[in-house]
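Trainee: Questions regarding the structure given below will be posed in turn.
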Amino acid sequence: MQIGRVIGSVVATHKEEKMGGLKLLLVQLHDLRGKPLDAYTVAVDSVGAGLREMVLVAAGSSARQTKTTEGKPTDATIMAIVDSWDVEGEVVWDRERE
Amino acid sequence: MQIGRVIGSVVATHKEEKMGGLKLLLVQLHDLRGKPLDAYTVAVDSVGAGLREMVLVAAGSSARQTKTTEGKPTDATIMAIVDSWDVEGEVVWDRERE
Amino acid sequence: MQIGRVIGSVVATHKEEKMGGLKLLLVQLHDLRGKPLDAYTVAVDSVGAGLREMVLVAAGSSARQTKTTEGKPTDATIMAIVDSWDVEGEVVWDRERE
Amino acid sequence: MQIGRVIGSVVATHKEEKMGGLKLLLVQLHDLRGKPLDAYTVAVDSVGAGLREMVLVAAGSSARQTKTTEGKPTDATIMAIVDSWDVEGEVVWDRERE
Amino acid sequence: MQIGRVIGSVVATHKEEKMGGLKLLLVQLHDLRGKPLDAYTVAVDSVGAGLREMVLVAAGSSARQTKTTEGKPTDATIMAIVDSWDVEGEVVWDRERE
Chain A
818 MQIGRVIGSV VATHKEEKMG GLKLLLVQLH DLRGKPLDAY TVAVDSVGAG LREMVLVAAG
878 SSARQTKTTE GKPTDATIMA IVDSWDVEGE VVWDRERE
Chain B
818 MQIGRVIGSV VATHKEEKMG GLKLLLVQLH DLRGKPLDAY TVAVDSVGAG LREMVLVAAG
878 SSARQTKTTE GKPTDATIMA IVDSWDVEGE VVWDRERE
Chain C
818 MQIGRVIGSV VATHKEEKMG GLKLLLVQLH DLRGKPLDAY TVAVDSVGAG LREMVLVAAG
878 SSARQTKTTE GKPTDATIMA IVDSWDVEGE VVWDRERE
Chain D
818 MQIGRVIGSV VATHKEEKMG GLKLLLVQLH DLRGKPLDAY TVAVDSVGAG LREMVLVAAG
878 SSARQTKTTE GKPTDATIMA IVDSWDVEGE VVWDRERE
Chain E
818 MQIGRVIGSV VATHKEEKMG GLKLLLVQLH DLRGKPLDAY TVAVDSVGAG LREMVLVAAG
878 SSARQTKTTE GKPTDATIMA IVDSWDVEGE VVWDRERE
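Chains as they are written, first to last, in my numbering: chain A, 818 to 915; chain B, 818 to 915; chain C, 818 to 915; chain D, 818 to 915; chain E, 818 to 915.
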């Protein structure tokens, strides 16, 4: 999975019928140190993630292994909201500190 | 999914038989801010997208999860037409403004 | 799918038994404007593509959705021969003009 | 598979229900010579890997082929702990020498 | 598939149980002209490839379509040993000439 931040959403009224009712969030990927990268994905939300939350995105066929996305044409799904992460024993990012 | 714009189409009369009748569109990928990238994909259209529309493309096995593409040898499918998207609360792109 | 040109072939007498009899073609990927890129794939041919033809290559599990490649360990398959493509209403490449 | 080192872990109390109880480790990818790369993945651990161990990560649908990860929305799984590797007959990295 | 050379092997005594008995080879990817690239993969061998042989590697779910790797958590498998390849009618690499 990659770490990213929810920075917006995509409106698409005309979409494949199986995608009806799914929230499409814009996620900017981040590096190990929590720095935003020049890369993004539009992901289906399966955990109720909100704007500016740091999340984990699963890509490829794994994006279809949630109840929300089973059998649907999505290649990216938010499957966790990140509380914190550490690198070499040091907390790099913590939602409480934001 | 990645955001891209339909900028053309590909003609291929000689193709794998399961691909018969499918529209092959040329989609130039765009970044978060709506800037065209130096990357593209040839995608099967499952939603009736037209030239110059901004769309979402699903890649990999997810590209086969639409009625149009089930069981077909496509690794990229347009599964939504984008109306608009926002970043940090600001509308970055809106089809009404084009 | 990506656009590429068949520029050669690979000989491999010792291969996984399911790959027996399959043609392995060397495909150089091209950009939207028909310019060769510094990237390639070795693809199984499912449509009788010849040397120097421009083709479409499907990657990943989609490469196994043709009659030729079903259940076989290939991650790239030529599933169409390109006649022409256009960008912004202008023909960029046409096999008749080559 | 790619070689990487476990350099931390990710805490995510709110995640897709199937991910319950799984350990999410932060793995920094390394090159052939054992040099850390500017790339990472958040992987599910299927072998009891510990902090600072060098591991192998399987990506994509292959990440779901372990007992720990079957049917779960993970696109990266640690499926081996590396003891050593050699390049051109020379040992490049050995956990005994660390 | 990508072309690469077997340049070493990885020892991992502690691995996912389904990986037992499989040989893990280090493959350095090569470009069209046979020049080594700054990229590698650790692949399961399904054809008895030896050190310094040039091989084809299948990635993703296709890596599991061999007898050796069926149902196993590998995302890269050597499925052919390369004898030679040509580009634009000229032999670029031939194992007899090495």
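All C-beta atoms, glycine included, are put in the ideal place defined by N, C-alpha and C.
Please compile the residues from chain C whose C-beta is within a distance smaller than 8 Å of the C-beta of I916 of chain B.
Mentor: The shown model of chain B, from 818 to 915, leaves out residue 916 of chain B, and the question about it has no answer.
Trainee: Just checking my contact of V846 of chain B with Y857 of chain B at CB under 8 Å: how many whole Å lie between their CB atoms?
Mentor: Start at 1 with the first residue of the second sequence, and residue 846 of chain B comes out as number 29. Start at 1 with the first residue of the second sequence, and residue 857 of chain B comes out as number 40. Residue identity differs from the one stated: residue 846 of chain B is Leu in this sequence, not Val. About 6 Å separates the two Cβ atoms, so the contact holds.
Trainee: Looking at the secondary structure, which residues open and close the beta strand (DSSP E) in which P890 of chain C lies?
Mentor: Working through the third sequence from its first residue, we reach residue 890 of chain C at position 73. Taken as a continuous stretch (DSSP letters only), P890 of chain C belongs to no beta strand (DSSP E), as it is neither H nor E.
Trainee: When you compare only the Cα positions, how much space is there between L839 of chain E and A880 of chain E?
Mentor: As a first step, residue 839 of chain E is located in the fifth sequence; it is residue number 22 there, counting from the start. As a first step, residue 880 of chain E is located in the fifth sequence; it is residue number 63 there, counting from the start. So the two alpha carbons sit approximately 13 Å from each other.
Trainee: In terms of residue numbering, what span does the beta strand (DSSP E) encompassing V899 of chain D cover?
Mentor: Stepping through the fourth sequence from its first residue, residue 899 of chain D is reached at position 82. Segment: none, V899 of chain D is in no beta strand (DSSP E) and carries neither H nor E.
Trainee: With DSSP as the reference, label G867 of chain A as helix, strand or coil.
Mentor: As a working note, residue 867 of chain A is residue 50 in the first sequence. Reduced to three states, the DSSP call for G867 of chain A is coil.
Trainee: Rank C:I820, C:Q819, C:S826 and C:E887 by C-alpha distance to the C-alpha of G906 of chain E and give the top, closest one.
Mentor: As a working mapping, residue 906 of chain E is identified with position 89 in the fifth sequence. Selected option, being the one with the closest Cα: C:S826.
Trainee: How would you call K832 of chain C, buried or exposed, if buried means at least 16 neighbouring beta carbons within 10 angstroms?
Mentor: Taking the first residue of the third sequence as 1, we reach residue 832 of chain C at position 15. The C-beta of K832 of chain C has 16 or more other C-beta atoms within 10 Å across all chains shown, which makes the residue buried.
Trainee: Only counting the same chain, and skipping five residues up and downstream in sequence, which positions put a Cβ closer than 6 Å to that of T885 of chain D?
Mentor: Within the fourth sequence, residue 885 of chain D is the residue found at index 68, counting from 1. Result list for T885 of chain D: S863, in chain order.
Trainee: R822 of chain D: buried (16+ other C-beta within 10 angstroms of its C-beta) or exposed?
Mentor: Walking along the fourth sequence from the start, residue 822 of chain D turns up at place 5. Buried: at least 16 other Cβ atoms inside 10 Å.
Trainee: For A880 of chain D, which beta-bridge partners are listed by DSSP?
Mentor: As a working mapping, residue 880 of chain D is identified with position 63 in the fourth sequence. Answer is none; A880 of chain D lacks a bridge partner.
Trainee: Quick one: Cα of S878 of chain A to Cα of I898 of chain B, how far?
Mentor: To locate residue 878 of chain A, count along the first sequence from 1; it is residue 61. To locate residue 898 of chain B, count along the second sequence from 1; it is residue 81. So the two alpha carbons sit approximately 22 Å from each other.
Trainee: Skipping 5 residues on each side, what residues in its chain have a beta carbon closer than 7 Å to that of M896 of chain A?
Mentor: To locate residue 896 of chain A, count along the first sequence from 1; it is residue 79. S863, V864, L873, A875 and T883, listed in sequence order.
Trainee: List, in chain order, every chain C residue whose beta-carbon is nearer than 7 Å to that of G888 of chain B.
Mentor: Indexing the second sequence from 1 puts residue 888 of chain B at position 71. Here the neighbours are Q882.
Trainee: Please confirm whether L841 of chain C and V861 of chain C have their CB atoms less than 8 Å apart.
Mentor: Walking along the third sequence from the start, residue 841 of chain C turns up at place 24. Walking along the third sequence from the start, residue 861 of chain C turns up at place 44. Taking 8 Å as the Cβ cut-off, L841 of chain C and V861 of chain C qualify as a contacting pair.
Trainee: Spell out the partners DSSP gives D862 of chain B in its beta bridges.
Mentor: Against the second sequence, residue 862 of chain B aligns to sequence position 45. B:I895, per the DSSP bridge assignment.
Trainee: Can you tell me whether L849 of chain C is buried or exposed, with buried defined as 16 or more other CB within 10 angstroms of its CB?
Mentor: Taking the third sequence and counting its residues from 1, the one referred to as residue 849 of chain C is at position 32. With 16 or more Cβ atoms within 10 Å of its Cβ, L849 of chain C is classed as buried.
Trainee: What residues from chain C crowd round D900 of chain E, counting only those whose CB sits closer than 9 Å?
Mentor: The residue labelled residue 900 of chain E in the question sits at position 83 within the fifth sequence. Within chain C, the residues near D900 of chain E are V827, V828, A829, T830 and H831.
Trainee: Could you give the distance in angstroms between the alpha-carbon of V904 of chain A and the alpha-carbon of K889 of chain A?
Mentor: For the purposes of this step, residue 904 of chain A is taken as the residue at position 87 of the first sequence. For the purposes of this step, residue 889 of chain A is taken as the residue at position 72 of the first sequence. Approximately 35 Å between the Cα atoms of the pair.
Trainee: Rounded C-beta distance between M818 of chain B and A893 of chain A? I'm assuming under 8 Å.
Mentor: One-based indexing of the second sequence puts residue 818 of chain B at position 1. One-based indexing of the first sequence puts residue 893 of chain A at position 76. Yes, they are in contact, since the Cβ atoms of M818 of chain B and A893 of chain A sit about 6 Å apart, within 8 Å.
Trainee: Quick check: M871 of chain E and I824 of chain E, are their CB atoms within less than 8 Å of each other?
Mentor: One-based indexing of the fifth sequence puts residue 871 of chain E at position 54. One-based indexing of the fifth sequence puts residue 824 of chain E at position 7. Result no, Cβ atoms of M871 of chain E and I824 of chain E do not sit closer than 8 Å.
Trainee: Which residues does DSSP pair with R841 of chain E in a beta bridge?
Mentor: On the fifth sequence, position 24 is the one that residue 841 of chain E refers to. One point to set straight first is that residue 841 of chain E is Leu, not Arg, in the sequence displayed. Paired residue(s): E:V861.
Trainee: Leaving out the 5 sequence neighbours to the left and right, which residues in its chain are closer than 7 Å to G851 of chain E when beta-carbon positions are compared?
Mentor: Position 34 of the fifth sequence holds residue 851 of chain E. So the qualifying residues of the chain are V909 and W910.
Trainee: Check whether chain D comes within 8 Å of A860 of chain A, counting only Cβ atoms and requiring the distance to be less than that.
Mentor: Locating residue 860 of chain A in the first sequence gives position 43, where the first residue counts as 1. So no, A860 of chain A is outside the interface.
Trainee: If you measure from the beta carbon of G877 of chain E to each beta carbon in chain C, is any gap under 8 Å?
Mentor: Residue 877 of chain E sits at position 60 when you count from the first residue of the fifth sequence. For G877 of chain E, the nearest CB of chain C lies under 8 Å from its own CB, placing it at the interface with that chain.
Trainee: Using C-beta distances below 7 Å, list every residue in its chain close to A829 of chain B, excluding the 5 sequence neighbours before and after it, in chain order.
Mentor: Counting from 1 along the second sequence, the entry for residue 829 of chain B is found at position 12. Same-chain partners within the cutoff: L841.
Trainee: So what's E833 of chain B in DSSP terms, helix, strand or just coil?
Mentor: Locating residue 833 of chain B in the second sequence gives position 16, where the first residue counts as 1. If DSSP states are grouped into helix, strand and coil, E833 of chain B belongs with coil.
Trainee: Strictly below 8 Å CB to CB, what residues from chain D border D911 of chain E?
Mentor: Translated into the one-based positions of the fifth sequence, residue 911 of chain E becomes position 94. Within 8 Å Cβ-Cβ: nothing; D911 of chain E doesn't reach chain D, min ~21 Å.
Trainee: According to DSSP, is E913 of chain C part of a helix, a strand, or is it coil?
Mentor: Along the third sequence, one-based indexing puts residue 913 of chain C at 96. Helix, per DSSP.
Trainee: I'd like to know if Q819 of chain C contacts chain E, where contact means its C-beta is closer than 8 Å to some C-beta of that chain.
Mentor: The residue given as residue 819 of chain C occupies position 2 in the third sequence. No, Q819 of chain C does not count as interfacial toward chain E.
Trainee: Name the chain D residues whose beta carbon is nearer than 8 Å to that of L873 of chain A?
Mentor: Along the first sequence, one-based indexing puts residue 873 of chain A at 56. Residues of chain D passing the Cβ test: V827, A829, K832, L841 and V859.
Trainee: Just checking: is the beta-carbon of A893 of chain A within a distance shorter than 8 Å of some beta-carbon in chain B?
Mentor: Working through the first sequence from its first residue, we reach residue 893 of chain A at position 76. Answer yes: the Cβ-Cβ gap between A893 of chain A and chain B drops below 8 Å somewhere.
Trainee: Measuring alpha carbon to alpha carbon, tell me which residue in C:D855, C:R914 and C:T891 is nearest D900 of chain C.
Mentor: Start at 1 with the first residue of the third sequence, and residue 900 of chain C comes out as number 83. Checking every option, the nearest Cα to that of D900 of chain C belongs to C:R914.
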